[in-house]
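Chemist: My structure is below; once you've seen it, I'll send some questions.
In structure tokens:
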């Protein structure tokens, strides 16, 4: 299976196209990573809120535990601190929820920034490369096993002036099975595909 044309100019274009596709993918992977990391910075306030609220809830629970141990009035005095600790825990949970949301958005934004441009180019370029590889494989197979069929393809696809340079009556020569004309027609079609015999 041949990935690149035998003709140097066409081969150079194909190699350059493949390298440009790889550079395009690498560039957008870098951009997607930067978008992901930049978006993650938005989680900083949520982390700070969660950390401060957890610290505050811990302190309220400490005060609640100390006051709750006072005989007679401890439970009544500890109740407001218990409520404040629960409120701080709720605030910490909201901060953690914000961090999780920002992390999810950062991941999706990074993936989207990478995939959209890469897929747009890949959908256009990769089928062309696959088509070349398939056509080159089929043409090489035909050239080795049945050049007359490749010559017929040349008769159907090539311009008339290219055909008349090979023979004054290329169709008649093909019908008669003239091996020199058939070979030259097959070579013409191979050359058009960027291949050599």
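Numbering (my numbering), first residue to last: 3 to 199. Note that beta-carbon positions come from the ideal geometry of N, C-alpha and C, so glycine has one too. Since the model is a prediction, treat every value here as computed from it, not as a measurement.
For residue 66, I'd like the list of residues in its chain whose CB is within less than 7 Å of its CB, leaving aside the five on either flank, ordered along the chain.
Modeler: What you label residue 66 is simply residue 64 of the chain shown in a count that begins at 1. 80, 83, 84, 87.
Chemist: Which whole runs of the alpha helix (DSSP H) in the segment 113 to 160 are 4 residues long or more, in chain order?
Modeler: Qualifying alpha helix (DSSP H) stretches, in chain order: 149 to 159.
Chemist: Assign residue 171 to one of two classes, buried (16 or more other C-beta atoms within 10 Å of its C-beta) or exposed (fewer than that).
Modeler: In the chain shown, the residue the question calls residue 171 occupies position 169. Residue 171 should be labelled exposed.
Chemist: Determine the direct distance from the alpha carbon of residue 144 to that of residue 175, and round the result to whole angstroms.
Modeler: By one-based count along the chain shown, residue 175 stands at place 173. By one-based count along the chain shown, residue 144 stands at place 142. Roughly 19 Å separates the two Cα atoms.
Chemist: Could you name the residues of the same chain whose beta carbon sits closer than 6 Å to that of residue 116, not counting the 5 residues immediately before and after it, in chain order?
Modeler: For the purposes of this step, residue 116 is taken as residue 114 along the chain shown, with counting starting at 1. Excluding sequence neighbours, residue 116 sits near 30, 31, 34.
Chemist: The alpha helix (DSSP H) with residue 47 in it runs from where to where?
Modeler: Within the chain shown, numbered from 1, the residue matching residue 47 stands at position 45. Segment 46 to 70, the alpha helix (DSSP H) holding residue 47.
Chemist: Express the C-alpha separation of residue 28 and residue 193 in angstroms, rounding to a whole number.
Modeler: Residue mapping note: residue 193 aligns to position 191 of the chain shown, counting from 1. Residue mapping note: residue 28 aligns to position 26 of the chain shown, counting from 1. So the two alpha carbons sit approximately 34 Å from each other.
Chemist: In whole angstroms, what is the alpha-carbon distance linking residue 22 and residue 61?
Modeler: Taking the chain shown and counting its residues from 1, the one referred to as residue 22 is at position 20. Taking the chain shown and counting its residues from 1, the one referred to as residue 61 is at position 59. About 59 Å.
Chemist: From 149, 151, 190, pick the residue whose C-alpha is nearest to that of residue 169; which is it?
Modeler: Position 167 of the chain shown, counted from the start, is the residue given in the question as residue 169. The candidate whose alpha carbon is nearest that of residue 169 is 190.
Chemist: Output the boundary residues of the alpha helix (DSSP H) element that contains residue 73.
Modeler: To locate residue 73, count along the chain shown from 1; it is residue 71. Where residue 73 is concerned, there is no enclosing alpha helix (DSSP H), given that its DSSP letter is neither H nor E.
Chemist: Could you tell me the alpha carbon to alpha carbon distance between residue 125 and residue 132, rounded to whole angstroms?
Modeler: Translated into positions along the chain shown, residue 125 becomes position 123. Translated into positions along the chain shown, residue 132 becomes position 130. Those two C-alpha atoms are separated by around 11 Å.
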